[in-house]
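Contents: one structure, followed by commentary.
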Amino acid sequence: MFEIKDKVAIVTGGAGGIGKATVEAILAKGGLPVIADWDENLGKKTAEELNVPFFKVDVSNEEQVKNVVEETVKLYGHLDIIVNNAGICPAKLFHEYTTEEYRHIIGVNQDGVVWGCKYAINEFLKQGTPGAIVNVSSMMGIISNPYTPFYSTTKFGLRGLTKSIAIAYGRQGIRANTIHPGHVDTAIGGKGCGEEAYKYDCEHTPVGRTGVPEEIAHAIIFTIENEFLTGTEIIVDGGWTIQ
Ligand SMILES: NC(=O)c1ccc[n+]([C@@H]2O[C@H](COP(=O)([O-])OP(=O)(O)OC[C@H]3O[C@@H](n4cnc5c(N)ncnc54)[C@H](O)[C@@H]3O)[C@@H](O)[C@H]2O)c1
1 MFEIKDKVAI
11 VTGGAGGIGK
21 ATVEAILAKG
31 GLPVIADWDE
41 NLGKKTAEEL
51 NVPFFKVDVS
61 NEEQVKNVVE
71 ETVKLYGHLD
81 IIVNNAGICP
91 AKLFHEYTTE
101 EYRHIIGVNQ
111 DGVVWGCKYA
121 INEFLKQGTP
131 GAIVNVSSMM
141 GIISNPYTPF
151 YSTTKFGLRG
161 LTKSIAIAYG
171 RQGIRANTIH
181 PGHVDTAIGG
191 KGCGEEAYKY
201 DCEHTPVGRT
211 GVPEEIAHAI
221 IFTIENEFLT
231 GTEIIVDGGW
241 TIQ
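1 is the number of the first residue of the sequence shown in the numbering used here; add one for each residue after it.
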């Protein structure tokens with residue numbers, strides 16, 4: 001069992017939604033979470049509410065991610081966990097995207113996770129201590145739909161990246177897993193998608209409703225704690241992808 005108590009955890013996108021629920025879940029286990037988010041207003045508000053440190057960071061920027069890892073280690077002396085959760089989900093058809101929009105999605109959802117893994121792993125190796133990485137993908141990293149071509153590109157990509165890391169560093173005690181949420185009530189999913197989409201999502205999810213951020217955080221905690229779990233994919237989607 002990888003005890004979360006006194007472990008230091010960076011949660012990207014921790015200001016709201018699934019990230020905030022993850023910060024709360026880590027706190028409830030006695031861990032020391034740090035919020036890394038590009039939304040300064042929400043980040044500061046959440047950090048104040050939960051009494052945790054906040055770093056303003058755009059995860060698509062390698063230098064900023066490197067800094068947040070360095071600042072976290074300066075603050076607490078070590079790093080044990082990173083939850084690469086920050087993500088964006090624009091929705092339109094493939095031919096409607098500009099090159100800049102495409103690069104932006106890749107930058108946040110894929111590069112952002114690569115930088116998070118890179119600097120966390122470097123720190124784990126330097127410390128010589130075990131580490132847990134959780135990369136938040138999506139059910140759109142398992143299946144797809146016409147409106148999320150590049151979101152799916154990134155979310156499928158995280159599976160391969162995570163498995164490669166899991167194989168490469170397993171013997172050093174570094175584990176990496178992906179979580180694949182279904183429709184969850186946040187700013188970008190579930191109730192946050194408008195009344196019509198919300199109704200559709202509830203009707204088409206086998207459990208008859210959308211999820212709540214705490215249900216995803218619960219799975220994230222499970223992958224952190226279970227030391228025999230690495231390179232795996234946990235789908236938490238109320239059954240959406242089994243249809
Ligand atoms: N909500 C859903 O239905 C759903 C479904 C599947 C997957 N997910 C995934 O879950 C993760 C969390 O999403 P959420 O639903 O909680 O959404 P959210 O919008 O509530 O939270 C995302 C957080 O990430 C932050 N963020 C976005 N871009 C960033 C960047 N470049 N740098 C730093 N922070 C950034 C936002 O400010 C926000 O606080 C995302 O990776 C998303 O793709 C969500």
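The C-beta atom is built at its ideal place from N, Cα and C for all residues, glycine as well.
Extent of the continuous alpha helix (DSSP H) to which Pro33 belongs: Segment 32-37 is the beta strand (DSSP E) holding Pro33; no alpha helix (DSSP H) there.
task: Hey, could you find the ends of the alpha helix (DSSP H) Ala132 is sitting in?
output: That residue, Ala132, is in no alpha helix (DSSP H); its beta strand (DSSP E) goes 131-136.
- prompt: Using a Cβ-Cβ cut-off of 6 Å (strictly less than) and excluding sequence neighbours within five positions of Gly173, which residues of its own chain qualify?
  reply: Around Gly173: Pro130.
field: Cβ neighbour criterion (16 or more within 10 Å) applied to Met146
entry: One detail in the question is off: residue 146 reads as Pro in this sequence, not Met. Its Cβ having fewer than 16 others within 10 Å, Pro146 is exposed.
query: Mind checking whether the beta-carbon of Asn85 lies closer than 7 Å to any heavy atom of ligand 1?
result: yes
- prompt: On the three-state DSSP scale, how would you describe His78?
  reply: Coil at His78, not helix or strand.
query: Helix, strand or coil: how does DSSP classify Gly13 here?
result: coil
message: Nearest by alpha-carbon distance to Val59: which of Lys118, Lys20, Leu75, Lys199 is it?
response: Lys118
query: Whose C-beta lies closer than 7 Å to the C-beta of Ile18 among residues of the same chain, with five residues either side of it excluded?
result: Cβ within range, chain order: Asn85, Val136, Pro181, Val184, Thr186, Pro213, Ile216, Ala217.
task: Answer with buried or exposed for Asp80, where buried requires no fewer than 16 other C-beta atoms within 10 angstroms of its C-beta.
output: buried
query: Rounded C-beta distance between Gly190 and Gly170? I'm assuming under 8 Å.
result: Not quite, the Cβ-Cβ distance comes to about 34 Å (not below 8 Å), so this is no contact.
field: Rounded straight-line distance, which links the Cα of Ile26 to that of Thr46
entry: 14 Å
field: Beta-carbon proximity of Thr154 to Thr178, cut-off 8 Å
entry: no
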